[in-house]
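Residue numbers (my numbering): -3 to 91. No residue lacks a Cβ here, since even glycine has one placed at the ideal position from N, Cα and C. Remember, predicted model here, so these are calculated numbers, not experimental data. Contents: one structure, followed by commentary.
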């Protein structure tokens, strides 16, 4: 099971991801990201990974893509933080 929710505040818009970040849900995340980027009006766009339980290879690629697009991440556990650090290195090496 997978769920995407959007939370709106005056300062930011947050995409809350819950469940397993694997294909085919990665396509839904990409779509939600594109939609959430519209009409930000100066607010930050944040991806909350607090309730992600599994990140597959497709999920890693999706997070890398979002990172390259300027995503900020919140609410990560130890393993997710480690994965994001690895992805950030890949992102910097490619530039």
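Where the alpha helix (DSSP H) through residue i begins and ends
i: residue 39; result: It is not in any alpha helix (DSSP H) - residue 39 carries neither H nor E in the DSSP assignment.
Residue i: first and last residue of the uninterrupted beta strand (DSSP E) it sits in
i: residue 58; result: No beta strand (DSSP E) contains residue 58, which is instead part of the alpha helix (DSSP H) from 53 to 64.
i: residue 15; result: 8 to 17
Helix, strand or coil at residue i according to DSSP, with G and I counted as helix
i: residue 1; result: strand
i: residue 50; result: strand
Contact test: residue i Cβ vs the ligand MG heavy atom, cutoff 7 Å
i: residue 11; result: The ligand MG is absent from the structure shown, which contains no ligand whatsoever.
Cβ-Cβ distance between residue i and residue j below 8 Å
i: residue 13; j: residue 54; result: no
i: residue 144; j: residue 30; result: For the chain, the structure presents residues -3 to 91; residue 144 sits outside this window and is missing.
Classification of residue i by the beta-carbon crowding that lies within 10 angstroms, buried from 16 upward
i: residue 60; result: buried
i: residue 46; result: exposed
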